[in-house]
Each structure stands twice: as structure tokens, then as C-alpha cells.
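Read the structure below first, then the notes.
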Amino acid sequence: MTNTENLKHLDDAQFASYLATETGKRLVELRKELVSRGFYGWDLKDAGDAMAQEFLM
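Those letters in the sequence shown? Residues 792 to 848, per the numbering used here, in order.
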């Protein structure tokens, strides 16, 4: 569900759930990619924080 028109019918709790779920999916994918490229520790955390911030804002 990426079309903003599809999100308009959600109440606050549903929208929060959507954001949490979608952010989690993206973080898992990012982690897989970065770990395969040798990232770990703070670099991995910082990349995840930046990606989540970008998505949510």
C-alpha cells in the first residue's frame, strides 16, 4: 500500500500500525543488504536510523 489515497481511510491506530509495519520491513531489508556488504555495529544502526527517518518524514 504505497498510494496515499489508500491511506486516507485509516484511523490513527491503523495508520500507526501501517507505519510501524512498513518501517520494520524496510529495516529488515536494509539490514540484510548492509550485513552482506560487511556493515556492523554503529554503522548499521546509523544507516537504519537514517532510512527510518527518511521514510517516516
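No residue lacks a Cβ here, since even glycine has one placed at the ideal position from N, Cα and C.
Query                                                                                                             : Result
Nonlocal neighbours in the same chain, by C-beta distance under 6 Å from M792, ignoring five residues either side : Note that M792 has pLDDT 48, beneath the 50 cutoff, so the model's placement of it is unreliable and the number below is only indicative. Here the set comprises nothing.
C-alpha gap between W833 and L821, whole angstroms                                                                : 14 Å
Distance between L835 and R828 (C-alpha atoms, nearest Å)                                                         : 11 Å
Collapsed DSSP secondary structure at K799 in the structure displayed                                             : coil
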